[in-house]
Amino acid sequence: MDIFPELAYRITNPLFRHLRKDGRKMEIYEKAEAYWCQASQDVDGMLGGFAKLHAPDIAVSRVFLSNLKKKNLLQSTDYALDCGAGIGRVTKHLLMPMFAKVDMVDVIQDLITKSDEYIGTSEGVGEKFVEGLQNFAPPEKRYDLIWIQWVSGHLTEEDLISFFERCKEGIKPDGCIVLKDNIVGGDKTLFDDEDHSWTRTERELLKVFKDAKLEIVSKSLQTGFPHDMYPVKMYALKPAK
Numbered sequence: 001m002d003i004f005p006e007l008a009y010r011i012t013n014p015l016f017r018h019l020r021k022d023g024r025k026m027e028i029y030e031k032a033e034a035y036w037c038q039a040s041q042d043v044d045g046m047l048g049g050f051a052k053l054h055a056p057d058i059a060v061s062r063v064f065l066s067n068l069k070k071k072n073l074l075q076s077t078d079y080a081l082d083c084g085a086g087i088g089r090v091t092k093h094l095l096m097p098m099f100a101k102v103d104m105v106d107v108i109q110d111l112i113t114k115s116d117e118y119i120g121t122s123e124g125v126g127e128k129f130v131e132g133l134q135n136f137a138p139p140e141k142r143y144d145l146i147w148i149q150w151v152s153g154h155l156t157e158e159d160l161i162s163f164f165e166r167c168k169e170g171i172k173p174d175g176c177i178v179l180k181d182n183i184v185g186g187d188k189t190l191f192d193d194e195d196h197s198w199t200r201t202e203r204e205l206l207k208v209f210k211d212a213k214l215e216i217v218s219k220s221l222q223t224g225f226p227h228d229m230y231p232v233k234m235y236a237l238k239p240a241k
């Protein structure tokens, strides 16, 4: 997903309905997969050429998770799932130091394979799933945390809602889902013709959460990123009561 404003293109919400009607959705997914197949298999490639974002990204995410623990919103750190894991950047630097076991899911086989080298041998790495999130169903009641970062924009609104619903089944009764992604201001979604992803408004994300019957229990703004970048926010979600 492009994370700087000048790299994206405006679209309007009716496209989401159009995609469902004419089958273009699958074309979008296929082109997105082709883009990531060609990305370099390193941190720079996983961050779209902005490797400098890695350190502040991990540092602020770590603080966010620590605060969830302090608030008893994350009561156990036995098992986590990294969605859109790629080579395992978030798995290695954020989740493995905090969780006993981490599963990974990504649509690109080559990136999952590369994670063996990038992460190295570790008992902290669990299962590695190769599947698109539009179809992936997390194992039921396995995870204390499901982490979804910079990948939700590759799903249509309809598929994102369905994925969140499946994630609810994948977390333990006291588990938590975290979405970390770029947010665009105004009232229009942005579409990137290069990697074929959407950057949503916060209002649209709130609607997605509501439709998936999730409630926000904590949220935070990423700091330490360039000022000309889209804002990045973190949302901790639990099933709505």
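Residue numbers (UniProt numbering): 1 to 241.
Virtual Cβ for every residue (Gly too), placed ideally from N, Cα, C.
Beta-bridge partners assigned by DSSP to Tyr35: none are found. Its Cα nearest to that of Pro226, the residue Leu53 stands out among Cys37, Asn67 and Leu53. Looking at Ser218, Ile171 and Ala240, the one whose alpha-carbon comes closest to that of Asp78 is Ile171. Burial is judged here by how many other beta carbons sit within 10 angstroms of a residue's own beta carbon; Glu27 has fewer than 16 and is exposed.
Restricting attention to beta strand (DSSP E) runs no shorter than 3 residues, the stretch 93-143 encloses them at 101-106 and 125-130, ordered along the chain. The residue from Lys219, Lys92, Cys176 and Ala39 with its alpha-carbon nearest to that of Glu117 is Lys92. Look at Val217 here: in three-state DSSP terms it is strand. Exclusion of the five residues before and after Ala240 leaves Lys213, Leu214 and Glu215 as the residues of its chain whose Cβ lies within less than 7 Å of its Cβ. A Cβ-Cβ distance of about 16 Å is found for the pair Leu155 and Val178, leaving them out of contact under the 8 Å criterion. The three-state reading of DSSP puts Asn182 in strand, counting E and B together.
Sequence-distant Cβ neighbours of Leu47 in its own chain, meaning closer than 7 Å and more than five residues away, are Leu53 and His54. Collapsing the DSSP output to three states places Ala55 in a helix. Secondary structure at Ile177: strand, using DSSP grouped into helix, strand and coil. By the CB criterion at 9 Å, Gly124 and Ala100 fall inside the cutoff.
Remark: C-beta atoms of Ala80 and His196 do not approach each other more closely than 9 Å.
For Ile87, the three-state secondary structure derived from DSSP is coil. Within the model, the alpha-carbon separation for Lys71 versus Asp174 is close to 13 Å.
Annotated three-state conformation of Val151 is coil, per DSSP.
For Tyr143, the closest C-alpha among the options Val102, Ile161 and Met96 is that of Val102.
The alpha-carbon of Ala236 is positioned some 17 Å away from that of Arg200.
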